[in-house]
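Engineer: I have a structure here, written as structure tokens, and I will follow up with some questions on it.
Chains as they are written, first to last, in this note's numbering: chain A, 61 to 390; chain B, 61 to 390; chain C, 61 to 390; chain D, 61 to 390.
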């Protein structure tokens, strides 16, 4: 258990970080999504953390709802692993970073599959792999599982957002037709795309997202409810692919500098996961050129630095240093 | 401290793994390097581990010397970071996996630099970045530092191997001339190549290599001698790039399935590092199509599985589970 | 005018070539299209030539109908030029060979357009550029124009073939959705694809095809009817792109070895055009790995060699040698 | 024979074109080569044409010497064909346009050779293919042959230019080392590069260059001296590759818009060849972004337009129209 003093110390530090990046955002935030969002929604900024022991921290707008967008790729990939096993899933979608943008139309030619499940092509294959006889069953299955991850039984698809996505959807349809022509996906394309976009259109809060991350950090079991969201043998595969492919074409630099498995979405949301310790959810709509939340990225970097969270950090930099004694034998 | 019982248990398990993969190698080992190596040298197989508390394990041929080859890229990159700082080093060589083979002639066009220091182009730039007014000073500096990493003051460049490398060297010369034409390296090309190949030709044992890895695991301080080999602020950068780029074009799959930062060389050597815990050195000359040691890769996979070493493993799979309580606050 | 003696000599030589390649086909022909074609249709082999003075030669199955498939790309590109002008057409579709297969999903990124109108992506853009308020008007316009090219008022779309094409159409749909997402095409995608596939499904004979080629050779005027099929300022653009991009990924080698502007289709049809002199149509269903008719390619090569038709041939090799004196001033 | 009236008419038209582009150059010419050239040398502008019947036209600075640079690639490729035959030459260097810049380090992977002899990699292979036991013999052979092409027995390598080239030569050395590592070239690399750069450093005048082009137009026989410079069976291969690959990454657009086989060099020189009719040499040092002479390109375009020289032009646009009757049978 985190003791009271520690909990309060962390809370103060997170509030300070939040305050710092709120200001910083004023002139750094360069683009907004969607472009017609009301002015006041553009300045939302929430930061929430959940420890695997259940401790939670919240700074800023942690009750504002936003669609998961590409952050959903993480959890849908987990479902694909569960419903098909690791070997079959790997046969259908790779785990190599591609260095390409999220909507790239290149494939892993040698293995006849999308490069990884964090780019659109791979996420569409993962949606195709979710069990269910039609789009309704698949979306129900996704929703049910996301509710276990978050412990929030009221998660739902925002139908207005889904419809808007379906109207502006040429790239995903194009990817699906190309992939079906290559034998990478099967079945009805409109259903594949609707499954994928439904997951993208599920709305959560930064607090929900931090619990979803903490469930991965906790080996697949929601630390608040004790319910299992994903088989423990699949957790490391999901986290690995966040580490190597999660931050689009800046994945290598992210692994190097921040060193925390993470995934971002065009809502301006980021989930990040420190295995065995906690999950964090950030929400702030301004995006950088890579499509990552400007404030979110800045805050994650500093959080990693301040708390020594880099997974390959020197023990002396890290709170792990205090507890990881004696060092375990292999 | 690892207690006696644990130490002996681990020793027995490592011996069993070593015995299993020695047999397995008979029909799996598909290529040898160099082709004219004596028959008996081809079957060498050593496995050594060093814990950050100084405990060591050795199975098989742990006293046989072999040249580091590409494994040297890890430690020379560390020197480049020390001698130039992280920012300047990143300006000159990236940290993104390229998905290309080790001797690829592609570059990160957008940033005008090699993709990463684990492929030849990037390793040549790293050699160019080591401080020293000429090749002799640079090689002396490398040797001195490698001796601190290993705690072995007798490490030396094998001149016969170096000369053989210099004779069969068109690809590296070509890369250097191209890079100089692009402004990616400066100075005398023969000196850059000789610096790089001298580091590749330093001979070590599997035991030496495990200590070098343990020094990284221990935040840059050799756990046997207490000497610092690399500034602690650079350790995580070195380990990150092993994780994302260390195993050539199979880096993503390695991160996913094995989940331990590692680097291989064409001698059939592999170093792998579990931060805060230990380093391992493996030596077995048969190579797979990616240029990685066949037995070494098989053994690493099983070691990761058996001991739950994947950096993103579920705590219940892992010896960390026993000690990592309570979970630290961020 | 070709005199009687010459005409008969050429007729004999063409018959000999036809006979030679009919035999050669028996073991060379490696694939058939479509796979369910009746056995006897697979051995059709027609060769027809039309001189700009109206002389015609026919060897073999010159009255058998086949769908134009990709050969239609040539004539639809001509319509795009007429309906939009050369500058606007070039803005929308390039003229650079891509070295890629016909169904490639790569684009000319620098100019934000398909590489050229002889690959599917570019042919779809050309179909999109044909004047007409809907698919019916566009297809009527295409048909009307192809009838002028061929002098055959009965040319029609084979609806059975069109429907089969529409059922197996993922790649073209994928290309269109991707291109619309990139702003390369506009409007209804099903209509773009149906326009393109309707042109592909127009059936002709080898004799018709030779007249269509002769119309291009004759500066755009059908040599049998005297009707103009395409503005003379666009003829050279159409022929140039046949020369540099017509034979898929073997275009450079074709320009080098055969040296006659040509275009092939998966029916096993080839049109080739010697500007100012004649057009030829060949039909033989076996395809090589590039998707070109096996017999057709063999016959074209030998025809070029025998008659010295290479556009860059030495005058001494060529029938031009006899007439092209004195050499004109520039 | 060109009659006197025609000859004078053409002379007047060429003078007018020359005058027009001299003025146009003032603000269009954007870069100069070499950068330290004397101010007055930068404005040189010569245009010379030679008909296959020996008629010559000269406008402007037709007696100024300049190094051939990449224009030499055309004639050295001819020598490679002669000394090795077409099949062996094709095995070693392709004929496909690459769409890449002249100094690209990409190769035709499928065939394990440079894409074509008009980019540096391919030109170095061609130099490697010229007969001769060492660099002196090879350069003597090249010089001897270039003298036959031009009919100028005084052509020589400019040693000052050669030495400057050898000092700034990293890219070519890099390409050679890479190609030797891939088995694409053999032997001493310094000799390959010196052979290639010696050919580049041969100095000619615009008048010489027009005769060299006319020799190709005339089937390989110098129209002034009657001497054969290249076997007639190789002429069309040389001209084809000029057409498809001669103008760097703008080759397709050049073939489309200008339609005359041509090759440019960084001196600001261009040779172009209308088979069976004439060769032209242009010299004007300002270069566009593709590395082609600004005035030279403008002038070639207009010359093609004015005189209807496009090889695929409508007969009605062309002086061919006047003489090419009756149309020959194939």
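The beta-carbon is built from N, C-alpha and C at its ideal position, and this holds for glycine as well.
It should be emphasised that the depicted structure is a prediction, and the values quoted were computed from it without experimental measurement.
Does residue 263 (chain C) come out as helix, strand or coil in the three-state DSSP assignment?
Structural biologist: Note: residue 263 (chain C) maps to strand in three-state DSSP.
Engineer: Counting only runs that start and end within the stretch 351 to 377 of chain D, where is the beta strand (DSSP E) found for 3 or more residues in a row?
Structural biologist: List check, beta strand (DSSP E) in window: nothing returned.
Engineer: State the DSSP-derived secondary structure class of residue 124 (chain A), mapped to helix, strand or coil.
Structural biologist: Coil at residue 124 (chain A), not helix or strand.
Engineer: Candidates D:343, D:351, D:214, D:367: which alpha carbon is nearest residue 81 (chain D)'s?
Structural biologist: Out of D:343, D:351, D:214, D:367, D:343 has the C-alpha closest to the C-alpha of residue 81 (chain D).
Engineer: I want to know whether the stretch 192 to 206 of chain A touches the stretch 273 to 288 of chain A - three or more CB-CB distances under 8 Å.
Structural biologist: Because the criterion of three Cβ pairs below 8 Å is not met, the stretch 192 to 206 of chain A and the stretch 273 to 288 of chain A do not touch.
Engineer: Using DSSP bridges, identify the partner residues of residue 119 (chain C).
Structural biologist: C:107.
Engineer: Is there a Cβ of chain C sitting closer than 8 Å to that of residue 289 (chain D), yes or no?
Structural biologist: No - not a single Cβ of chain C is within 8 Å of the one on residue 289 (chain D).
Engineer: Is it right to say residue 231 (chain A) is buried, meaning 16 or more other beta carbons lie within 10 angstroms of its own, or is it exposed?
Structural biologist: Buried, since its Cβ has 16 or more Cβ neighbours within 10 Å.
Engineer: Applying a beta-carbon distance threshold of less than 7 Å, which residues of chain C neighbour residue 233 (chain A)?
Structural biologist: Within 7 Å Cβ-Cβ: 237.
Engineer: Answer yes or no: does any C-beta atom of chain A fall closer than 8 Å to that of residue 241 (chain C)?
Structural biologist: Taking Cβ atoms only, chain A reaches closer than 8 Å to residue 241 (chain C), which makes this a yes.
Engineer: Which term fits residue 259 (chain D), buried or exposed, when burial requires 16 or more other beta carbons within 10 angstroms of its beta carbon?
Structural biologist: Result: buried.
Engineer: Which complete beta strand (DSSP E) runs does the stretch 115 to 199 of chain D hold, if anything under 3 residues is left out?
Structural biologist: Correct list: 116 to 120.
Engineer: Is it buried or exposed, residue 68 (chain C), if we count other Cβ atoms within 10 angstroms and call 16 or more buried?
Structural biologist: It is exposed - the Cβ of residue 68 (chain C) has fewer than 16 other Cβ atoms within 10 Å.
Engineer: Residues in the same chain with beta-carbon distance under 8 Å from residue 242 (chain B), minus the five sequence neighbours each way, listed in chain order, please.
Structural biologist: So the qualifying residues of the chain are 167, 172.
Engineer: Tell me which residues of the stretch 172 to 202 of chain C have at least one Cβ-Cβ distance to chain A shorter than 7 Å, keeping chain order.
Structural biologist: Per Cβ criterion, the list is empty.
Engineer: Is there a C-beta anywhere in chain B that falls below 8 Å from the one on residue 72 (chain A)?
Structural biologist: Not an interface residue.
Engineer: Indicate whether at least one CB of chain B lies closer than 8 Å to the CB of residue 304 (chain A).
Structural biologist: Residue 304 (chain A) counts as touching chain B.
Engineer: Does chain C have any CB closer than 8 Å to the CB of residue 230 (chain A)?
Structural biologist: Yes, contact with chain C.
Engineer: Quick one: which chain C residues come within Cβ less than 8 Å of residue 165 (chain A)?
Structural biologist: Ordered by position in chain C, the residues that pass the 8 Å Cβ test against residue 165 (chain A) are 165, 238.
Engineer: Could you give the residue range of the alpha helix (DSSP H) that holds residue 300 (chain A)?
Structural biologist: Unbroken alpha helix (DSSP H) run through residue 300 (chain A): 292 to 305.
Engineer: In terms of alpha-carbon separation, which member of C:244, C:350, C:186, C:281 lies closest to residue 292 (chain C)?
Structural biologist: Residue 292 (chain C) has its Cα closest to that of C:281, out of C:244, C:350, C:186, C:281.
Engineer: In whole angstroms, what is the alpha-carbon distance linking residue 233 (chain B) and residue 131 (chain B)?
Structural biologist: The straight-line gap from Cα to Cα measures roughly 20 Å.
Engineer: Less than 8 Å between CB atoms is the rule here; does residue 262 (chain B) satisfy it with respect to chain A?
Structural biologist: No, residue 262 (chain B) lies away from the interface with chain A (no Cβ there is under 8 Å from its Cβ).
Engineer: Going by DSSP, what residue range makes up the alpha helix (DSSP H) through residue 324 (chain C)?
Structural biologist: From DSSP, residue 324 (chain C) is part of no alpha helix (DSSP H) but of the beta strand (DSSP E) over 322 to 324.
Engineer: Quick one: what does DSSP say residue 113 (chain D) is sitting in, helix, strand or coil?
Structural biologist: Residue 113 (chain D): coil per DSSP, three-state reduction.
Engineer: For residue 311 (chain B), which option in B:355, B:145, B:351 has the closest C-alpha, if you only look at C-alpha atoms?
Structural biologist: Of the candidates B:355, B:145, B:351, the one whose C-alpha sits nearest the C-alpha of residue 311 (chain B) is B:351.
Engineer: Below 7 Å CB to CB, which residues in the same chain sit around residue 222 (chain D) once its five sequence neighbours on both sides are set aside?
Structural biologist: Excluding residues within five positions, the ones whose Cβ falls inside 7 Å are 257, 258, 261.
Engineer: Please report the straight-line C-alpha distance between residue 372 (chain D) and residue 345 (chain D), rounded to a whole angstrom.
Structural biologist: For residue 372 (chain D) and residue 345 (chain D), the distance between alpha carbons rounds to 30 Å.
Engineer: Look at residue 195 (chain C) and residue 176 (chain C) and say whether their C-beta atoms are less than 8 Å apart.
Structural biologist: Against a cut-off of 8 Å, the Cβ pair of residue 176 (chain C) and residue 195 (chain C) comes out as no contact.
Engineer: Can you tell me whether residue 250 (chain B) is buried or exposed, with buried defined as 16 or more other CB within 10 angstroms of its CB?
Structural biologist: By the neighbour-count rule (16 or more Cβ atoms within 10 Å), residue 250 (chain B) is not buried but exposed.
Engineer: Are residue 325 (chain D) and residue 129 (chain D) closer than 8 Å when you measure CB to CB?
Structural biologist: Contact: yes.
Engineer: Quick one: list the residues of chain B neighbouring residue 68 (chain A), beta-carbon separation under 7 Å, in chain order.
Structural biologist: What residue 68 (chain A) touches in chain B: nothing, since even the nearest Cβ is about 10 Å away.
Engineer: Apart from the five residues on each side of it in sequence, which residues of its chain come closer than 7 Å, Cβ to Cβ, to residue 136 (chain B)?
Structural biologist: Counting only Cβ-Cβ distances below 7 Å, and skipping sequence neighbours, we find 183, 186, 187, 190, 202, 259.
Engineer: Give a yes or no on whether the minimum CB-CB distance between residue 319 (chain C) and chain D is below 8 Å.
Structural biologist: By this cut-off, residue 319 (chain C) is an interface position.
Engineer: State the Cα-Cα distance for the pair residue 71 (chain D) and residue 317 (chain C), rounded to the nearest angstrom.
Structural biologist: Residue 71 (chain D) and residue 317 (chain C): Cα-Cα distance of roughly 36 Å.
Engineer: Do the CB positions of residue 323 (chain B) and residue 306 (chain B) come within less than 8 Å of each other?
Structural biologist: Cβ atoms of residue 323 (chain B) and residue 306 (chain B): closer than 8 Å.
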